[in-house]
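What follows is a set of notes on a single structure, which appears directly below.
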Amino acid sequence: MKVKLPEKLVKPLDYLFIFRPTLFFPVWIITLAGYSAYFTFREQALWWVLDFNIKLVFNFIFVTAVAGATFIYNQLMDISTDKVNKKLFLISEEYVRPKVAKRIANLSLVLSGVYFLATFQFITFVFIAFFTLLWGYLYNFKPFCWKDKAVQGLLVNIGGGFLLFVAGWSMAGGIGLDTALFSLPYMFAFGAVTLLTTIPDYEGDLASGKSTFAVRFGFNITIYLSVIFVFLALILGMYFKDPVISLPSLISIPLYVILLFKRNIPWVFRCIRYPILFLGLILCVQFPYFFILLVINYYLSRIYYLSRFGLDYPTFKVE
Numbered sequence: 000m001k002v003k004l005p006e007k008l009v010k011p012l013d014y015l016f017i018f019r020p021t022l023f024f025p026v027w028i029i030t031l032a033g034y035s036a037y038f039t040f041r042e043q044a045l046w047w048v049l050d051f052n053i054k055l056v057f058n059f060i061f062v063t064a065v066a067g068a069t070f071i072y073n074q075l076m077d078i079s080t081d082k083v084n085k086k087l088f089l090i091s092e093e094y095v096r097p098k099v100a101k102r103i104a105n106l107s108l109v110l111s112g113v114y115f116l117a118t119f120q121f122i123t124f125v126f127i128a129f130f131t132l133l134w135g136y137l138y139n140f141k142p143f144c145w146k147d148k149a150v151q152g153l154l155v156n157i158g159g160g161f162l163l164f165v166a167g168w169s170m171a172g173g174i175g176l177d178t179a180l181f182s183l184p185y186m187f188a189f190g191a192v193t194l195l196t197t198i199p200d201y202e203g204d205l206a207s208g209k210s211t212f213a214v215r216f217g218f219n220i221t222i223y224l225s226v227i228f229v230f231l232a233l234i235l236g237m238y239f240k241d242p243v244i245s246l247p248s249l250i251s252i253p254l255y256v257i258l259l260f261k262r263n264i265p266w267v268f269r270c271i272r273y274p275i276l277f278l279g280l281i282l283c284v285q286f287p288y289f290f291i292l293l294v295i296n297y298y299l300s301r302i303y304y305l306s307r308f309g310l311d312y313p314t315f316k317v318e
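All residue numbers for the sequence shown refer to numbering that gives the first Met the number 0, where the first residue is 0 and numbers rise by one.
Here it is in structure tokens:
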């Protein structure tokens with residue numbers, strides 16, 4: 000289904016889409032997975048929860064605002080690369096002026112911090128603050144710029160995923176060493192996808208002098224390590240008796256095995272997009288309202304990009 004609206008109607012949404020709503024999917028999924036894991040660890044796994052938790056809704060709104068702010072910072076620091084890769088042009092092509100985008104990001108961080116402090120969610124605030132430090136500052140800004148480095152880039156991405164997972168867990172209850180242990184299969188699954196995302200941007204990153212994982216170690220090692228990670232996610236998920244991560248990992252393994260033999264960009268995209276979808280759908284069985292949120296974000300994004308730029312995006316089609 001393709002719905003195209005007059006451009007003048009969707010143009011104001013430029014200020015929303017600098018937050019990169021298509022990246023909200025993994026942010027929401029890993030945070031909600033942390034919330035769910037708190038109960039699974041206590042052998043109280045949640046399924047088909049229909050109670051509407053307004054506090055959880057507001058928590059997700061402000062976690063999303065924080066993540067979106069870090070995505071804006073990333074675009075601000077990647078203007079030259081985005082022009083080469085021909086993507087993320089809202090800021091790089093000044094549909095939204097960089098100064099305005101920076102103000103929006105800063106305001107989002109301030110409002111989110113005030114919210115978590117005002118609602119006395121101090122533990123969640125701490126982990127969200129560390130998440131901002133990792134994904135907002137260390138990832139993007141000099142002298143660090145870890146997004147441009149192979150090992151540091153991988154670690155900071157997994158670390159950001161871990162902090163979102165723990166933030167989600169803390170929304171359900173107290174945290175401890177068990178939180179870190181139970182997060183391991185999720186972090187390996189997240190790491191598998193993170194590794195593969197460095198492959199499609201290889202040309203632009205190489206031209207810009209970046210040393211991302213794929214640039215430094217090559218496609219083969221990147222793919223091999225991602226396959227190892229997804230197997231570890233399955234093994235650890237089964238060890239912890241966590242079906243929420245075990246099942247998506249199991250379903251994803253055939254995709255990664257095929258990738259070993261068909262090392263091309265279409266299969267890389269399949270191994271990036273589909274595992275996230277599988278985990279998201281499992282969470283939808285636990286939290287049906289989450290499915291509505293995913294559908295709204297997906298189709299709103301499709302309508303925006305088609306109407307504004309004539310792009311068929313986001314899509315699960317891989318050619």
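We treat Cβ as the ideally placed atom computed from N, Cα and C, and that holds for glycine.
Please classify residue i: does DSSP put it in a helix, a strand, or coil?
i    : result
K261 : coil
S207 : coil
K148 : strand
Q285 : helix
A104 : helix
N52  : coil
V2   : coil
K82  : helix
Y312 : coil
W47  : coil
E92  : coil
L153 : helix
Q120 : coil
T197 : coil
R41  : coil
V87  : According to the sequence displayed, residue 87 carries Leu and not Val. If DSSP states are grouped into helix, strand and coil, L87 belongs with coil.
I174 : coil
In chain order, what residues of the same chain have a beta carbon less than 6 Å from the beta carbon of residue i, not counting five sequence neighbours either side?
i    : result
R319 : No information on residue 319 is available, as it lies outside the stretch 0 to 318 that the chain covers here.
N58  : M170
Y94  : D13
T80  : G203 and S207
In angstroms with no decimal places, state the Cα-to-Cα distance between residue i and residue j.
i    : j    : result
A171 : F115 : 14 Å
L292 : S225 : 29 Å
V243 : G173 : 20 Å
G309 : G236 : 41 Å
L87  : Q74  : 7 Å
F289 : E318 : 29 Å
G208 : T196 : 17 Å
G305 : Y238 : The sequence shown places Leu at residue 305, not Gly. C-alpha separation (whole angstroms): 44 Å.
L282 : V99  : 36 Å
L233 : I198 : 23 Å
F119 : G175 : 19 Å
For residue i, which residues from the same chain have a beta carbon less than 7 Å from its beta carbon, with the 5 sequence-adjacent residues on both sides left out?
i    : result
I29  : G160, L163, F164, Y185 and F189
F216 : A149
S169 : I122, T123 and F126
R214 : For the record, residue 214 in the displayed sequence is Val; it is not Arg. Taken in chain order, the residues that qualify are Y201, D204 and L205.
F40  : D177 and F181
L22  : F70
F16  : L89 and Y303
D311 : L305
Using a 10 Å radius around the Cβ and a threshold of 16 neighbouring Cβ atoms, would you call residue i buried or exposed?
i    : result
I60  : exposed
L49  : exposed
F228 : buried
Q285 : buried
P265 : exposed
Y136 : exposed
P274 : buried
Q326 : Limits of the chain in this structure are 0 at one end and 318 at the other, which puts residue 326 out of reach.
Do residue i and residue j have their CB atoms nearer than 8 Å?
i    : j    : result
K82  : S91  : yes
L12  : Y298 : no
I127 : A179 : no
F38  : I71  : no
L153 : F230 : no
I222 : L259 : yes
L254 : R269 : yes
T69  : T131 : yes
I271 : V192 : yes
P287 : W27  : no
S35  : V65  : no
Closer than 8 Å by C-beta to residue i: which residues in its own chain qualify, once you throw out the five before and the five after it? Chain order, please.
i    : result
P313 : T21, Y297, S300, R301 and Y304
K316 : none
Using only the heavy atoms of the ligand HEM, determine whether one of them is closer than 7 Å to the beta carbon of residue i.
i    : result
G203 : The ligand HEM is absent from the structure shown, which contains no ligand whatsoever.
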